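Single-structure report; data block below.
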Amino acid sequence: AHFTPTECCFKYAQKPIRHVQSFYETPRDCSLPAVVLVAARGDEVCADPKKPWVKRAMKKLQRKK
Numbered sequence: 001a002h003f004t005p006t007e008c009c010f011k012y013a014q015k016p017i018r019h020v021q022s023f024y025e026t027p028r029d030c031s032l033p034a035v036v037l038v039a040a041r042g043d044e045v046c047a048d049p050k051k052p053w054v055k056r057a058m059k060k061l062q063r064k065k
C-alpha cells in the first residue's frame, strides 16, 4: 500500500512560538520541509527549520531529554 503523509506543512508560522513542549519533523516526502512545534496547550505549528528561533527551540528541547 502506498503511504500518503498527513503531517505535511503547507506554510510556516511567521512568529516565534512560546512554551514549546515538543517537536517533530515532517516526513521527507512532503513538498515543504518543516518542523512541527507542539505548544503547551497542544497546538501544533509548522515552522521553517532554517529559522534561528526554530533552531533555538529545537536545541533547548534536545538538551532537556
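All residue numbers for the sequence shown refer to the working numbering, where the first residue is 1 and numbers rise by one.
Backbone N, C-alpha and C define an ideal beta-carbon position, used for all residues, glycine too.
Just so you know, these numbers come straight off a predicted model, no measurement behind them.
- Residue environment analysis places residue 32 among the exposed positions, since fewer than 16 neighbouring C-beta atoms fall within 10 angstroms of its C-beta.
- With a threshold of 16 other beta carbon atoms within 10 Å, residue 23 meets it and is buried.
- Judged by beta-carbon spacing, residue 25 lies within the 8 Å limit of residue 35, meaning their Cβ atoms are closer than that value.
- Within the same chain, 32 come within 7 Å of residue 10 by CB-CB distance, once the 5 residues on both sides are set aside.
- With a threshold of 16 other beta carbon atoms within 10 Å, residue 40 falls short and is exposed.
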